Amino acid sequence: MKKLIQPFATINKQTFMIMVAVQVVITLLLWQVLSDGLIPKPGKVASAFINLLGTKLFLDNMLVSLLLTLKAMLYSILITLLFAYLSVLPFFKSVALFIVKCRYLTLTGLIFIFTLLTKDGSELKLSLLVFGIVPFFVTSFLAVIININPQEYELCKTLGYNNWQTLYEVIIVGKADQVFEILRQNFAISWLMITMVEGLSMSEGGIGTLLIKYNKYNDLTNVLALQLAIFMIGLCFDYLLGTLRHWLFPYSKLKTAKAK
Amino acid sequence: MTECIKAEVVLQANNVQLTYDRPILRDINFCIKNIIRPGVEQGQVVSLIGRSGIGKTQLFKILSGLQAPTAGQITIHDNKPVKAGDMGVIFQNYYLFEWRTVYQSLLLAAKKNKKLAGKEKQTIDQYAEQFQLTGHLNLYPQQLSGGQRQRVSIMQQLLKGSDFILLDEPFSGLDVCMLDKAVELLLQVSLSDELKTLIIVSHDIENSVAISDTVYILGNEPGKEGATIKKEIDLIERDLAWQKNIKHEKRFLETIEEIKGCL
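For the protein sequence lines, the chains are F and V, in the order given.
For the first sequence, position 110 (counting from the first letter as 1) is numbered 889 according to my numbering, and the numbering increases by one without interruption.
For the second sequence, position 232 (counting from the first letter as 1) is numbered 240 according to my numbering, and the numbering increases by one without interruption.
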């Protein structure tokens, strides 16, 4: 027990799981006790969550949002890789650095410009989402490139590689697993933005649209149930991308020496 | 004294200097000659010894072509200035591409060697057997022990086909048992080809001298800034080269004391 509140103490997996379970139970109890008439109690939210999962409305809207997110992620990662790889060329370094700074631009202020540049709501949502995600992806990938161990470059040089071969070996091949890690870490950002951009063009639906509708009618029980569903799907994707990374790049999960 | 002939110069350092905000290295002049022993095919083993912080790593980088000197140059064979890729380089921590299996890393190196064209796989298998790594070819570097990484690093640079193998502190961080193995391994490498030249940059005097034929001592001279080669010791002349169990001989211990006195 004492270990749980000691700095840098390590606890076994079983203890950790028990600890998490206790924390969840305490949170639920506090929620149950402290919630008044306006905030629905956990049981009510759980019941609404189960009902929501079985409805066609939820499934259709979730599918719309997932497809849009995946599409945006795909475009974003392609743009990111292009600019991140090119950033090692001095000519493109400034462009990559500018993209990084674009994190400070708000999407709300650019909606009108994007509306003029795109032909329909679907394109508008996609382009806004891509514009919102790319700076975060590029920031993460540039951090990976900047933190590359200089010995990786030196080993390439000692093997007689030219600069292009070094770029291929160290950054493109060597950091391929990091692309998945960046995707995993930044999926949350795109998932966060989807609810916002879907509110701009509601005709195609999506969980963002659904959330706005529930909010509009003060249906807090369904809002929380939907939030729970969004949270669960986010966790599933987090796990899926992590597993995919380990499967595609087995070295990414190697930490202990097997051969001695 | 063991009979030998010192033939042509294989590597030469001419007035090498390195200055940052102050001189680090100055007037580095030495040459390594191809040593021919009748009936024995063995390359040269040269040690550059100096105390910690003297500029050994800088000299290592200049020798490997990874860093350009402020003045002077390193030339190999026919007076050709050394450039990155000419030397086989074994870093202190035996760095390998973490995303490549041992076999993939070795294949990348073998493909750089034109002499091995078409027979890369057989050569890798031969080396793996020689270096006792046959069962480890499909493992990633993270799955190897320090000694195994060292052997893979050496194999990688040997497969690349360079005549020179530069080693930065090859004995550092090894326990007593591994030290003996490392010494044996380096002797094995030097025996692999008559033209193979091993350059060991180290502060481990005893182990470096035990396997070398020539020792260069890097140090500072009174009143002068920057390290230089203070002394060259020809271990062949002293009959200390190429002898097993030399470490217990009195003349070996005297040489060690002499080197320590120069540092």
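Ideal Cβ placement from N, Cα and C applies to all residues, glycine included.
Since the structure is predicted, the reported quantities are computational estimates derived from the model, not experimental observations.
Notebook entry, point to check: In three-state DSSP terms, what is Arg37(V)?
Noted result: Counting from one through the second sequence, the residue named residue 37(V) turns up at place 29. The sequence shown places Asn at residue 37(V), rather than the Arg named in the question. Note: Asn37(V) maps to strand in three-state DSSP.
Next item on the list: Note down, in chain order, every chain V residue with its Cβ under 8 angstroms from the Cβ of Leu938(F).
Entry: Indexing the first sequence from 1 puts residue 938(F) at position 159. Simply Gly93, Leu116, Ala117, Lys120, Gln164, Lys168.
Next item on the list: Report the neighbours of Ser72(V) on chain F: residues whose CB is nearer than 8 angstroms to its CB, in chain order.
Entry: Here residue 72(V) corresponds to residue number 64 of the second sequence, with the count starting at 1. Going along chain F in sequence order, the residues near Ser72(V) (Cβ under 8 angstroms) are Thr937.
Next item on the list: Note the first and the last residue of the continuous beta strand (DSSP E) segment covering Asn22(V).
Entry: Translated into the one-based positions of the second sequence, residue 22(V) becomes position 14. That run of the beta strand (DSSP E) goes 13 to 27.
Note to self: Going by beta-carbon coordinates alone, are Val97(V) and Gln165(V) separated by less than 8 angstroms?
What the structure shows: Indexing the second sequence from 1 puts residue 97(V) at position 89. Indexing the second sequence from 1 puts residue 165(V) at position 157. Going by C-beta atoms, Val97(V) is nearer than 8 angstroms to Gln165(V).
Next item on the list: Could you have a look at Arg259(V) and say whether DSSP puts it in helix, strand or coil?
Entry: Working through the second sequence from its first residue, we reach residue 259(V) at position 251. Look at Arg259(V) here: in three-state DSSP terms it is helix.
Notebook entry, point to check: Is Asp899(F) buried or exposed, if buried means 16 or more other CB atoms sit within 10 Å of its CB?
Noted result: Here residue 899(F) corresponds to residue number 120 of the first sequence, with the count starting at 1. By the neighbour-count criterion, in which 16 or more other beta carbons inside 10 Å mark a residue as buried, Asp899(F) falls on the exposed side.
Next item on the list: Mark Thr1035(F) as exposed unless 16 or more other C-beta atoms lie within 10 angstroms of its C-beta, in which case mark it buried.
Entry: As a working mapping, residue 1035(F) is identified with position 256 in the first sequence. Confidence at Thr1035(F) is low in this model, with a pLDDT of 40, below 50, so the placement of that residue should be treated as unreliable; the coordinate-derived value is given next. The residue is exposed, with fewer than 16 neighbouring Cβ atoms inside 10 Å.
Notebook entry, point to check: Is DSSP giving Lys1039(F) helix, strand or coil here?
Noted result: Walking along the first sequence from the start, residue 1039(F) turns up at place 260. Per-residue confidence for Lys1039(F) stands at a pLDDT of 40, beneath the threshold of 50, marking its modelled position as unreliable; the derived number appears in the next sentence. Three-state result, Lys1039(F): coil.
Margin query: For a quick check, are the C-beta atoms of Cys39(V) and Leu19(V) less than 8 angstroms apart?
Written below: The count along the second sequence starts at 1 and reaches residue 39(V) at position 31. The count along the second sequence starts at 1 and reaches residue 19(V) at position 11. Result yes, Cβ atoms of Cys39(V) and Leu19(V) sit closer than 8 angstroms.
Notebook entry, point to check: How far does the beta strand (DSSP E) with Gly227(V) in it reach, from first residue to last?
Noted result: Taking the first residue of the second sequence as 1, we reach residue 227(V) at position 219. 222 to 227 is the span of the beta strand (DSSP E), which, as asked, contains Gly227(V).
Next item on the list: Find the residues of chain F that neighbour Phe99(V), judging by a C-beta separation of less than 8 angstroms, and give them in chain order.
Entry: Within the second sequence, numbered from 1, the residue matching residue 99(V) stands at position 91. What Phe99(V) touches in chain F: Gln930, Glu933, Leu934.
Check: Does any heavy atom of the ligand SAH sit closer than 7 angstroms to the C-beta of Asn941(F)?
Finding: As presented, the structure is devoid of all ligands, the ligand SAH included, so that no description of it is given.
Next item on the list: Locate the alpha helix (DSSP H) running through Gln930(F), then write down its first and last residues.
Entry: Working through the first sequence from its first residue, we reach residue 930(F) at position 151. Its alpha helix (DSSP H) spans residues 929 to 937.
Notebook entry, point to check: Secondary structure at Glu245(V), three-state DSSP: helix, strand or coil?
Noted result: If you number the second sequence from 1, residue 245(V) lands on position 237. Coil at Glu245(V), not helix or strand.
Note to self: Within 10 Å of its beta-carbon, does Gln793(F) have 16 or more other beta-carbons around it, so buried, or fewer, so exposed?
What the structure shows: Mapped onto the first sequence, residue 793(F) falls at position 14. Residue burial is scored here from C-beta neighbours: Gln793(F) has fewer than 16 other C-beta atoms within 10 angstroms and is therefore classed as exposed.
Next item on the list: Grab me the residues of Ser969(F)'s own chain with a C-beta within less than 8 angstroms of its C-beta, minus the 5 sequence neighbours each way, in chain order.
Entry: Counting from one through the first sequence, the residue named residue 969(F) turns up at place 190. Cβ neighbours of Ser969(F) beyond the five flanking positions: Thr848, Ala851, Met852, Ser855, Leu908, Gly911, Ile912.
Check: Which chain V residues are close to Gly953(F), counting only those with a beta carbon under 7 angstroms from its beta carbon?
Finding: On the first sequence, position 174 is the one that residue 953(F) refers to. Phe105, Trp107, listed in chain order.
Next item on the list: Have a look at Ile132(V) and Asp1017(F) and give me their C-alpha separation to the nearest angstrom.
Entry: Here residue 132(V) refers to the residue found at position 124 of the second sequence. Here residue 1017(F) refers to the residue found at position 238 of the first sequence. The alpha-carbon atoms of Ile132(V) and Asp1017(F) are separated by roughly 40 angstroms.
Notebook entry, point to check: In terms of residues, what are the limits of the beta strand (DSSP E) holding Asp176(V)?
Noted result: Residue 176(V) sits at position 168 when you count from the first residue of the second sequence. For Asp176(V), the enclosing beta strand (DSSP E) stretches over residues 172 to 176.
Next item on the list: Closer than 7 angstroms by C-beta to Leu903(F): which residues in its own chain qualify, once you throw out the five before and the five after it? Chain order, please.
Entry: Sequence index remark: in the first sequence, residue 903(F) carries index 124 (1-based). So the qualifying residues of the chain are Phe893, Thr894, Thr897, Leu979, Ser980.
Next item on the list: List the residues of chain V that Tyr1030(F) touches, going by C-beta distances under 7 angstroms, in chain order.
Entry: Stepping through the first sequence from its first residue, residue 1030(F) is reached at position 251. Under the 7 angstroms cutoff, chain V gives Glu106, Trp107, Tyr148, Gln150.
Margin query: What does the Cβ neighbour count give for Glu245(V), buried or exposed, with the cut at 16 atoms within 10 Å?
Written below: One-based indexing of the second sequence puts residue 245(V) at position 237. Exposure of Glu245(V) is indicated by the presence of fewer than 16 other C-beta atoms within 10 angstroms of its C-beta.
Item checked: Where Val803(F) falls: helix, strand or coil (DSSP) -> As a working mapping, residue 803(F) is identified with position 24 in the first sequence. Val803(F) falls in the helix class under three-state DSSP.
Item checked: According to DSSP, residues forming a beta bridge with Gln52(V) -> Position 44 of the second sequence holds residue 52(V). In the DSSP output, where bridge partners are listed per residue, Gln52(V) has Thr205(V).
Checklist line | Anticipated Cβ contact below 8 angstroms, Asn121(V) with Leu167(V), distance rounded | finding: Reading the second sequence from its first residue, position 113 is the one you call residue 121(V). Reading the second sequence from its first residue, position 159 is the one you call residue 167(V). Asn121(V) to Leu167(V), Cβ: 6 angstroms. Contact.
Notebook entry, point to check: Counting contacts by CB-CB distance shorter than 8 angstroms, is Leu845(F) in contact with chain V?
Noted result: Locating residue 845(F) in the first sequence gives position 66, where the first residue counts as 1. No, Leu845(F) does not count as interfacial toward chain V.
Checklist line | Nearest residue (CA-CA) to Ile13(V), options Asp29(V), Asn42(V), Asp242(V), Lys64(V) | finding: Mapped onto the second sequence, residue 13(V) falls at position 5. For Ile13(V), the nearest C-alpha among the options comes from Asn42(V).
Checklist line | Unbroken beta strand (DSSP E) run spanning Thr897(F), endpoints | finding: One-based indexing of the first sequence puts residue 897(F) at position 118. Annotation for Thr897(F): no beta strand (DSSP E) segment contains it, and DSSP assigns it neither H nor E.
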